[in-house]
Structure formats: C-alpha cells, structure tokens
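In mature numbering (1 follows the signal peptide of the UniProt record, and there is no 0), the protein residues as written are -23 to -1, 1 to 444.
Report on the structure given below.
Next up, the structure:
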C-alpha cells in the first residue's frame, strides 16, 4: 500500500488506447502483452472480502508458463488462504551472485461501486487515463514486472544471477503472505529486493518532471483500538456519562495533537533536493526545514501538506468508528481505530503513552492490533542507483534521483526487517494531485503506462548482465 510514496506518473509523450494505438509503441508485442495482463488483473476484485487474490496469482502464473517458464520455476503458494506468487528467471549460475527480488502485491483495498463514477473492477478509459481499483496500487507495478519477465524470456535473456518475482496477496491487510515470502528459504538469501509498489517520479501538472524518488526507508505502522465503555441503559433515561461522547472527546484531542518534529539525514536531504525542484513558497519551506528542522514556521507550513507532513514527524489519525447496539439504547461501548505511522527511532510503546496522555481519560482502553515492528533503513548503493538512473534517464535525461522515507507502508518493510535491503523503484510517474490510490476513481495516465514499458527491462539487464 503505498499511499504516501513520492507519488509517481509519466504525463507526456504518447497517449494511446487499447488495440491499434498500442501497436505504435516501440515494442508492440510487449506493449500489447503488458496491457492485456494489466486489464485482466484490474478486472479481478482482489480485495480481502472478495477473495479474488488467488485468481490474480493463478492468472499471472499461467501467463508465465505460457511464455516458456518451467513449472518448477512458477509457484502459487497459499498461506492461511492467502496467495503469493513466486517466479524464477534462471541465471547462468556462474557468477555466484545472490538473487535479486522484484516485489509487488496482487491485492487491492475495498471499492464500493456505488461510490465510484465508473465501475471499479472494469478497466475503463477516457482520452488520457485508465480507471479502476488497483490501476495504480499495485496492479500497474505487477503487470509491468510480469510482462517484463515474459519479454526477457522471449528474448532469450539469461541473467548472471537468478531473478525472482515475489508478489504478495495481502499487503493491504495482514501481510501473512509477505512474511512468508520474506522468510522463504530461497528468497531470504537474496542480495536485495526492488519494490514495484514504492518510489517513482513526481511531475508538475503540466507534465514537467520534478524528481524521481527511491524509497529507502519506511515508518513503523501501528494501529490501536481505543474503546470507551459504559453501563448503558434506555435512551429515554440519558445519563451524564456516555461511551460515544467520551470517545468523541478523545478523538478531538487526538485530532488536535501534533507529535514533535523528527528528522534524519535522509529526510533533510529529501526536503533540500525536493524543495529546489518544487520552488515557490512550499519549496522555500522545504529548504528552510532542511537547513533548520527546528524552524517552526517551516514545519508548520509542511504540516498543511498531506504529501509531506508524514516525513516530518509521527502521525496518528482516526480511520474507523463503531459504537452502540440499538437506536433506542444508551451505548455500552464505542471504539475508534487509530492508525499511526511512527518515525524511525521512536518506540511503539512511547506513542501509546503519548496517546493516553493526550486523551487524558484512564477509563479508555487501548489495544494494539497485530505486529508493529520497525525496519531498518536501506542505505542506497551505487550499482542499484546507477541502474535505476539509467531507466529514469531514458525518459527524462538528467532527472535527479532522491532517496526518501516512506510515510505509508509496503511489503518492503518485512524484507528489510529480515535483513534484505529493499528499494522502492516504481516505473510510475505521477502528478501528486492525480494520486487516487485507495480512494475513489483510482487512475493512471495512459502516457504513464507507455512510458513505463522499458523501465524494468533496463534495470534488470543493467544489474544482472547476462547474455
């Protein structure tokens, strides 16, 4: 889920529709196959409630098998009912180099068709965009990567090491399949992983490139349920205390609280470089923050920018509510789900204590949900950065690559935690204002789709040499 990655899409050179216009792309077979895969998987509802993720996994596996991958090199692995796809592009085995992993996820967040302007599980289009749930997050990435594997196989490319696709089936929810992949006896020996679900390019509204972000770190993801309880009673006999009112008071206090500003060398460099590209008043605030992160005017300005506030501090937000049991009864309980993205170096227990202090109500119960493990920073390495730069510069010569910390969360966290350096290097370029992942009417530009077609091929051929 990479809700807050550097916000990728390529607006510019070629707008095409499915069918004849695709044939005008530099490699028409690859373009056609990529679009075929993309359309098919977007039209599978692979949200948690639908149970459609296995259908995506088996479809992708069938595409790889049809392209000539041996059966032993393509696996759909089920873990507690959740699928993962593992596919191997065999290396020549002479170099002794460890494998490279390509990460992505096959599941999507829920989409209520009644709320959408277009059917979310049909890939629709207008003159400039493709629409559909997962069209960005992350079926764009896994379609491009899978089609690249097929392309390399058909070209007869043999890398100097094994390369694996490792696609999870529940990145948006429990990450059961992600944890399995990160601990897999073969995949866990990888030298590093490249994530389709993070990083990418940022564009101005007119399509002018700003920068390309390489995701090298992630904040810790932690969720609490905060519950107020009460004896309740008949609604005709209201009492001075009320579970919903108590919870509402707590929610307002959480809304108003700002965690202290935090920074690292990576985040300061990110703001310095990005500020120079963004320019204007916002760019000046970024540079001022980079020069002095204790500059309250600069941090206050960044607080108002949803795309950047998460890079300045820990954030907590209420995302779900439930309460009461009958319309004519006083509520016996009310619960808010509070999702936090915790800055590296801050302990989860510290955040819980801050939240308890903020709400100032000892009667409220705090319950943390699932794991909330931190992951280390993956320091950029020269060969990976050079390969990614080669792919990016094929589209935008000289564009700056900027390592950054992800405010959201991706599968990469589990791989980093297990000792596998991971970088988010998506093929997608976007205007931040066009970023609708997890929201209504998710979309990408057609030009972004076309511009991405060679991205993974360039990176893998550069990193894995071969013949």
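We treat Cβ as the ideally placed atom computed from N, Cα and C, and that holds for glycine.
Determine, using beta carbons only, whether residue i and residue j come nearer to each other than 8 Å.
{"i": "residue 312", "j": "residue 204", "result": "yes"}
{"i": "residue 405", "j": "residue 7", "result": "no"}
{"i": "residue 100", "j": "residue 19", "result": "yes"}
{"i": "residue 192", "j": "residue 401", "result": "yes"}
{"i": "residue 287", "j": "residue 196", "result": "yes"}
{"i": "residue 146", "j": "residue 50", "result": "no"}
{"i": "residue 315", "j": "residue 335", "result": "no"}
{"i": "residue 167", "j": "residue 354", "result": "no"}
{"i": "residue 169", "j": "residue 378", "result": "no"}
{"i": "residue 14", "j": "residue 40", "result": "yes"}
{"i": "residue 293", "j": "residue 332", "result": "yes"}
{"i": "residue 239", "j": "residue 290", "result": "yes"}
{"i": "residue 108", "j": "residue 443", "result": "no"}
{"i": "residue 307", "j": "residue 215", "result": "yes"}
{"i": "residue 206", "j": "residue 310", "result": "yes"}
{"i": "residue 178", "j": "residue 328", "result": "no"}
{"i": "residue 93", "j": "residue 418", "result": "yes"}
{"i": "residue 441", "j": "residue 137", "result": "yes"}
For residue i, does the three-state DSSP call read helix, strand or coil?
{"i": "residue 424", "result": "helix"}
{"i": "residue 230", "result": "helix"}
{"i": "residue 143", "result": "strand"}
{"i": "residue 313", "result": "strand"}
{"i": "residue 149", "result": "coil"}
{"i": "residue 67", "result": "coil"}
{"i": "residue 190", "result": "strand"}
{"i": "residue 389", "result": "helix"}
{"i": "residue 323", "result": "coil"}
{"i": "residue 185", "result": "coil"}
{"i": "residue 447", "result": "Here the chain comprises residues numbered -23 to 444, so residue 447 is not present and cannot be evaluated."}
{"i": "residue 318", "result": "strand"}
{"i": "residue 285", "result": "coil"}
{"i": "residue 273", "result": "helix"}
{"i": "residue 35", "result": "helix"}
{"i": "residue 15", "result": "helix"}
{"i": "residue 198", "result": "strand"}
Measure the C-alpha to C-alpha separation of residue i and residue j and round it to an integer number of angstroms.
{"i": "residue 270", "j": "residue 252", "result": "14 Å"}
{"i": "residue 284", "j": "residue 72", "result": "42 Å"}
{"i": "residue 342", "j": "residue 220", "result": "12 Å"}
{"i": "residue 445", "j": "residue 380", "result": "The structure shown has nothing for residue 445, since the chain only spans -23 to 444."}
{"i": "residue 437", "j": "residue 111", "result": "24 Å"}
{"i": "residue 276", "j": "residue 408", "result": "23 Å"}
{"i": "residue 320", "j": "residue 348", "result": "16 Å"}
{"i": "residue 388", "j": "residue 198", "result": "12 Å"}
{"i": "residue 391", "j": "residue 421", "result": "27 Å"}
{"i": "residue 229", "j": "residue 52", "result": "48 Å"}
{"i": "residue 46", "j": "residue 68", "result": "13 Å"}
{"i": "residue 367", "j": "residue 180", "result": "18 Å"}
{"i": "residue 1", "j": "residue 10", "result": "With a pLDDT of only 46 at residue 1, under the threshold of 50, the placement of this residue in the model should not be trusted, and no figure is reported."}
{"i": "residue 4", "j": "residue 185", "result": "25 Å"}
{"i": "residue 105", "j": "residue 256", "result": "27 Å"}
{"i": "residue 364", "j": "residue 439", "result": "6 Å"}
{"i": "residue 510", "j": "residue 153", "result": "For residue 510 there is no data in the structure shown, the boundaries of the chain being -23 and 444."}
{"i": "residue 243", "j": "residue 266", "result": "13 Å"}
{"i": "residue 258", "j": "residue 273", "result": "15 Å"}
{"i": "residue 445", "j": "residue 211", "result": "There is no way to answer for residue 445, as the model of the chain reaches only from -23 to 444."}
{"i": "residue 35", "j": "residue 432", "result": "25 Å"}
{"i": "residue 268", "j": "residue 249", "result": "8 Å"}
{"i": "residue 148", "j": "residue 426", "result": "23 Å"}
{"i": "residue 305", "j": "residue 297", "result": "23 Å"}
{"i": "residue 37", "j": "residue 23", "result": "13 Å"}
{"i": "residue 264", "j": "residue 42", "result": "50 Å"}
{"i": "residue 56", "j": "residue 151", "result": "11 Å"}
{"i": "residue 399", "j": "residue 54", "result": "22 Å"}
So who's on the other strand from residue i, going by DSSP bridges?
{"i": "residue 211", "result": "306"}
{"i": "residue 343", "result": "203"}
{"i": "residue 362", "result": "Note: residue 362 sits in no beta bridge, so no partner."}
{"i": "residue 169", "result": "77"}
{"i": "residue 279", "result": "Residue 279 pairs with nothing; no bridge assigned."}
{"i": "residue 61", "result": "54"}
{"i": "residue 400", "result": "171"}
{"i": "residue 102", "result": "107"}
{"i": "residue 380", "result": "191"}
{"i": "residue 406", "result": "178"}
{"i": "residue 298", "result": "313"}
{"i": "residue 26", "result": "Per DSSP, none; premise fails for residue 26."}
Check whether the Cβ of residue i sits closer than 7 Å to any heavy atom of the ligand GDP, and report yes or no.
{"i": "residue 245", "result": "The model depicted lacks the ligand GDP and carries no ligand whatsoever."}
Should the region 25 to 44 be regarded as contacting the region 53 to 61, the criterion being three or more beta carbon pairs within less than 8 Å? Enough Cβ pairs lie closer than 8 Å, so yes.
Decide if the region 78 to 93 is in contact with the region 158 to 171; the criterion is three or more beta carbon pairs, one per stretch, under 8 Å apart. A contact is defined here as three or more CB-CB pairs under 8 Å, and the region 78 to 93 meets this definition with respect to the region 158 to 171.
Meets three-Cβ-pair contact criterion under 8 Å: the region 171 to 185 and the region 114 to 124: Verdict: yes, contact present.
When you compare the region 64 to 71 with the region 123 to 134, are there three or more beta-carbon pairs, one atom per stretch, that lie closer than 8 Å? The answer is yes - the region 123 to 134 touches the region 64 to 71, with three or more Cβ pairs under 8 Å.
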